[in-house]
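**Q** Taken in order, these protein sequences are the chains called P and C. Here my numbering is used: the first residue of the first sequence is -9, the next is one more, and so on. Here my numbering is used: the first residue of the second sequence is 8, the next is one more, and so on. Structure below; questions to follow.
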Amino acid sequence: MIELRQVTLAFEESAAPILDRVDLRLEEGELVVVSGRTGVGKSTLLGVLTGLVPGFTGGRLSGEVLLDSESILHLPPRERAHFIGYVGQDPLAGFVTDTVEEELAYGMEQLGLPPGTMRRRVEETLDLLGLAELRDRELRTLSGGEQQRVAIGSVLTMHPRLLVLDEPTSSLDPTAAEEVLATLTRLVHDLGMTVLMAEHRLERVLPFADRLVLLPGAGRLVQGTPAEVLRHSPVVPPIVELGRVAGWEPAPLTVRDARRRARELVRGLVAPAPVEAASGRVLLRADRVAVTHSRTPAVNGVDLSLHAGGVTALMGRNGSGKSSLIWALQGSGRRSGGRVAVLDRAEAGAAGLPAAADLDPADLDAASRRELVGLVPQTAADLLYLETVARECAAADEGAGAEPGACAALLERLVPGIEHHTHPRDLSEGQRLALVLAIVLTARPKVLLLDEPTRGLDYPAKEELARVLDDLADAEHAVLVATHDVEFAARVADEVVVLAEGEVVSDGPVDQVLGESPAFAPQVTKILGPGWLRVDQVTAALAEQRSPAGVLDG
Amino acid sequence: MRHRPARDLHPVAWWAWAIGLAAAASFTTNPLILIGLVGVASIVVAMRASAQPWAASFRLYLALGALIVVTRVVFRILFGGVEGGQVLLDLPEIPLPEWVAGVRLLGPVTSESLLAGLYDGMRLAAIVICVGAANALANPKRLLAAVPSGLYEIGTALVVAVTIFPQLADSARRVRAAQALRGGPTGRGGRVRRFLVPVLEDALERSINLAAAMDTRGYGRAGGAGMGQRWATGALVLGGLLGVCVGTYAVLDTTAPRVLALPMLALGVLAALAGLVSAGRRVTRTRYRPDRWLLAEMLVLACGLACGYVGWLLVREQLTVAHPGVSMVPYLSPLALAGLVVAALPAVLAPEPRVARR
């Protein structure tokens, strides 16, 4: 149906092309997933199809884009709107109107469809995506999953033949993400829609994908069935990694499939020891913290302790109060009730205040607050405002009263090898996060809070972040990280707190909390049962099984 | 009255009604009529404004009106005005140099001068409040959606601008909170920069995202208009607007040649309309569920027109009611009262607003 032929795209004449003579053919009714590291050209590939590249990004495009063997290479996005629908990463950023119904109709108004047709399609789409209840709602008041479904609906009303989605689930909680993916599968199965989506959290989309397109870098493109492509991919979701470790051939792609084969595997293995909660000193204690936003309670009576050397994951659906809680703990956010005490100020490195005093960060000024509790907010780039990494670091040193070079040294330790003259905007997602983390840590807080740091990070960047958090915990920091990413939580946390409607609904060691929850269970737990969290546990257990003597000696 | 289904009145009807009221206010300096008009506007807003955010803006307009009245009166005290009359407060006059002849600073405050300032301020305040009422009653975005298709591009730009403001406020709040999390220069310039750079970056990114989203959804599809046709449309619209401006000026300035007055105005309006029609013809867009124009809209419009007409009649027939002057006690005639009552009728004639469900 749609075909890319020998497509080459380079942003600068001299630089290596982002896409180098790429061929891709999309057939009617297929669901194709595009994967690869951030910055490798996933969005660019999608943009070539929608027409946004090179119009909105610049660059030189050559090759051919064919729709039913007619060239559409030179059509601008607006002239492709009736056969290619595009849904971006952040639905809110793409909304033009302010209510659900008007948003669904907007595209059709541009196409000039007759009013009767518009009305019929709006009603059909409302039903198809389960949005009928929300038709009069203001878009800003919808939850993330609902917004994303409206965004999909607003292009569906134009009856496109191809739906292109750029990481549609990256900012959604696990349940909302499932909801959106289920909607997409339904479109493919029931309506025969062709869907092309970029995604780097592969674990969720693999079961639905007909084909996988992998961009390994250097402008190349590998395609095939998911099993084929993943066999040689350097980064794979946990389920495929488990398959490799266990020697399953072909690699399983669905949890159901893997579970069937896992029975044998588990029989001979020693289950990993239960995770022990960090037992270090309590560095931050919250008692019945409450936050109210214009009379609606966001956080309602939360008790929480953060221990030195411990990493706690804060989970819950979008809007469950995670961000409000984090800001309230730091002291910058308004709190309507309860107490927060940060303990052992003397250790926190500030002089002039009584040692071992319990301090409430909300009572202090911003500068003393950040010496007690560091916070990396959801949009970390909000902290950056200078032209180079070096200047950002120098400003951070000056602001924290640290000796010059402290921040740069921290950054070098977190993520080595960042060029100091780079503009922070040109850093990769993961590097920018590391820079913000270094700036925050320059004030030497012992307690560190991170709000959704994994958003937009690919597997290697997430692994890097996990390592950084491990190191911080080893250095006797107390870390709290809010995340939607269950695999990341399983990798990094030793305790998990789950919020719902501003209240703690479960907390405890990571293996218990994640294992008990159907929504938050990582893939390995789903396959092997409670107790198992990560593939490295299986690797270790297999090694032990093969050479029990070595373990005894160790 | 039988039960009517709740719906939002056509925004144009509300604006026409409000303009009628504002016109009536502009014809008079009678404080009783002006207070009456403000009261009418407030009642209608209280009865028929929906629970949407824009409706809350009416209070701001009331405050603005009060500010206008106070400013006018204070100016009268500072700079005097009407010479002679009953002295209320004899302030010493501050001598000013020769070259500001004609301006007096302080000096005796007369009751006439104060009243003149008060009436004048009230007139301006009443006009502002009438516009505020329209703003509170009609969704500004729906009004923009009702513009003729020739003005569609401008309408869209305005809609986007209206949407951007709350988002900009969000982003400003976010950045301010985030910057408190890091150390950095605390000097004035440094602080401003720390705040502005991320906010502006955010705004820029957002606008590019929105532009891309609109483009992929078909905004601005070519309607088959040639270059020549575009030029013709532009020339007609611009020429028409110029004609309207010249005509309006000549109508107001009685010393201007008469041929520039009404004939010019009519010509300008015609040219502008022709431009709009020509522009509208090349737009292939359609509108989803446009606001309907029904009986209630006609009635509300008629009430506004009637109110404006009564204001005009008062000037012609009952000058002492329209402009009681500062030396007599203002009073209301039955005609003026009737005008106010008619202006208030939309409070019951218009259907109940359809409050967005939450």
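Glycine included, C-beta positions come from ideal geometry on N, C-alpha and C.
Name, in chain order, the residues that DSSP records as bridge partners for E493/P.
**A** Note: E493/P sits in a beta bridge opposite A490/P.
**Q** Would you mind sorting V322/C into buried or exposed? The rule is 16 or more other CB atoms within 10 Å of its CB.
**A** By the neighbour-count rule (16 or more Cβ atoms within 10 Å), V322/C is not buried but exposed.
**Q** Please classify L9/P: is it buried, with 16 or more other beta-carbons within 10 angstroms of its beta-carbon, or exposed?
**A** Buried, because 16 or more other Cβ atoms sit within 10 Å of the Cβ of L9/P.
**Q** Given a threshold of 16 other Cβ atoms within 10 Å of its Cβ, counted over all protein chains shown, does R224/C qualify as buried or as exposed?
**A** By the neighbour-count rule (16 or more Cβ atoms within 10 Å), R224/C is buried.
**Q** Could you tell me which residues DSSP pairs with I101/C in its beta bridges?
**A** Answer is L112/C.
**Q** Tell me the DSSP secondary structure of A280/P in three-state form.
**A** Strand, per DSSP.
**Q** Pull the bridge partners of Y76/P from the DSSP assignment, please.
**A** Paired residues: V154/P.
**Q** Using a beta-carbon distance cut-off of less than 9 Å, what residues from the stretch 209 to 239 of chain C approach chain P?
**A** Those would be D209, E212, R213, I215, N216, L217, A218, A219, A220, M221, D222, T223, R224, G225, Y226, G227, R228, A229, G230, in chain order.
**Q** Determine whether the beta carbon atoms of L362/P and V437/P lie at a separation below 8 Å.
**A** Yes.
**Q** What's the call for L211/C, buried or exposed, on a 16-neighbour Cβ count within 10 Å?
**A** Under this definition L211/C is an exposed residue.
**Q** Consider the Cβ of T293/C: report whether some Cβ of chain P lies at a distance smaller than 8 Å.
**A** Yes, because at least one Cβ of chain P sits closer than 8 Å to the Cβ of T293/C.
**Q** When the Cα of G102/P is compared with those of P99/C, Y68/C, R288/C, which residue comes out closest?
**A** The shortest Cα separation from G102/P among P99/C, Y68/C, R288/C belongs to R288/C.
**Q** Checking contacts by CB at 8 Å: is A63/C closer than that to chain P?
**A** Not an interface residue.
**Q** Report the option in L339/C, L306/C, P331/C whose CA atom is closest to the CA atom of P358/C.
**A** Closest by alpha carbon: L306/C.
**Q** Of the residues that make up the stretch 192 to 209 of chain C, which ones have a beta carbon closer than 7 Å to any beta carbon in chain P?
**A** Those would be P192, R200, R201, V204, P205, in chain order.
**Q** On the three-pair Cβ rule with 8 Å, is the stretch 127 to 141 of chain P touching the stretch 323 to 343 of chain C?
**A** Cβ pair count under 8 Å is below three, so no.
**Q** So is V195/P buried or exposed if we call it buried at 16+ other beta carbons inside 10 Å?
**A** By the 10 Å Cβ count, V195/P comes out buried.
**Q** Is it buried or exposed, F34/C, if we count other Cβ atoms within 10 angstroms and call 16 or more buried?
**A** Under this definition F34/C is a buried residue.
**Q** Quick check on E2/P: buried or exposed, where buried means 16 or more other Cβ atoms within 10 Å of its Cβ?
**A** Result: exposed.
**Q** Check whether the Cβ atoms of V525/P and L232/P lie closer than 8 Å to each other.
**A** For V525/P and L232/P, yes; Cβs fall inside 8 Å.
**Q** Does any CB atom of chain P fall closer than 8 Å to the CB of G190/C?
**A** Yes, its Cβ sits closer than 8 Å to a Cβ of chain P.
**Q** Compute the Euclidean distance between the alpha carbons of V253/C and A179/C, then round it to the nearest angstrom.
**A** Looking at the two C-alpha atoms, the distance is approximately 43 Å.
**Q** Below 9 Å on C-beta distance, what does G389/P contact in chain C?
**A** The answer, in chain order, is R189, G190, G191, P192, T193.
**Q** Within the same chain, show all residues whose beta-carbon is closer than 6 Å to that of N545/P, passing over the 5 residues directly before and after it, in chain order.
**A** Here chain P covers residues -9 to 544 and nothing more, so residue 545/P does not appear.
**Q** Shorter than 8 Å from the beta carbon of V182/C to some beta carbon of chain P?
**A** With 8 Å as the cut-off, V182/C counts as an interface residue toward chain P.
**Q** Would you mind sorting L124/P into buried or exposed? The rule is 16 or more other CB atoms within 10 Å of its CB.
**A** Burial call: buried.
**Q** Which residue wins for smallest C-alpha separation from P150/P, given the options V495/P, G97/P, L202/P, W238/P?
**A** For the residues V495/P, G97/P, L202/P, W238/P, the minimum Cα distance to P150/P belongs to G97/P.
**Q** Once the 5 residues before and after T(-2)/P are set aside, which same chain residues still bring their CB inside 7 Å of it?
**A** For T(-2)/P, where only same-chain residues beyond five positions count, the Cβ hits under 7 Å are P7, L9, D10, R11, S52, G53.
**Q** Taking L(-6)/P as the reference, which of E157/P, A428/P, G37/P has the closest Cα?
**A** Among E157/P, A428/P, G37/P, the Cα nearest to that of L(-6)/P belongs to G37/P.
**Q** At 7 Å on the CB atoms, spell out the chain P contacts of A286/C, in chain order.
**A** Ordered by position in chain P, no residue passes the 7 Å Cβ test against A286/C, which lies about 15 Å from the chain.
**Q** Please identify the residue among G446/P, D416/P, A396/P, V458/P whose C-alpha is closest to the C-alpha of A424/P.
**A** It is V458/P whose Cα lies nearest to the Cα of A424/P.
**Q** Apart from the five residues on each side of it in sequence, which residues of its chain come closer than 8 Å, Cβ to Cβ, to I517/P?
**A** Cβ within range, chain order: I229, L232, V245, A248, R249, A252.
**Q** Quick check on this structure: which residue in R360/P, A167/P, H283/P, D387/P has the alpha carbon closest to the alpha carbon of L374/C?
**A** It is not possible to answer for residue 374/C, since the shown part of chain C is limited to 8 through 365.
**Q** Is A185/C close to chain P? Criterion is C-beta to C-beta, closer than 8 Å.
**A** Yes, contact with chain P.
**Q** Among I74/P, A83/P, T147/P, F73/P, which has the Cα closest to the Cα of E606/P?
**A** Outside the displayed span of chain P (-9 to 544) sits residue 606/P, for which this structure offers no information.
**Q** So does the stretch 55 to 64 of chain P actually touch the stretch 470 to 481 of chain P, counting three or more Cβ pairs closer than 8 Å?
**A** Taking 8 Å as the limit for Cβ pairs, the verdict is that the stretch 470 to 481 of chain P does not touch the stretch 55 to 64 of chain P.
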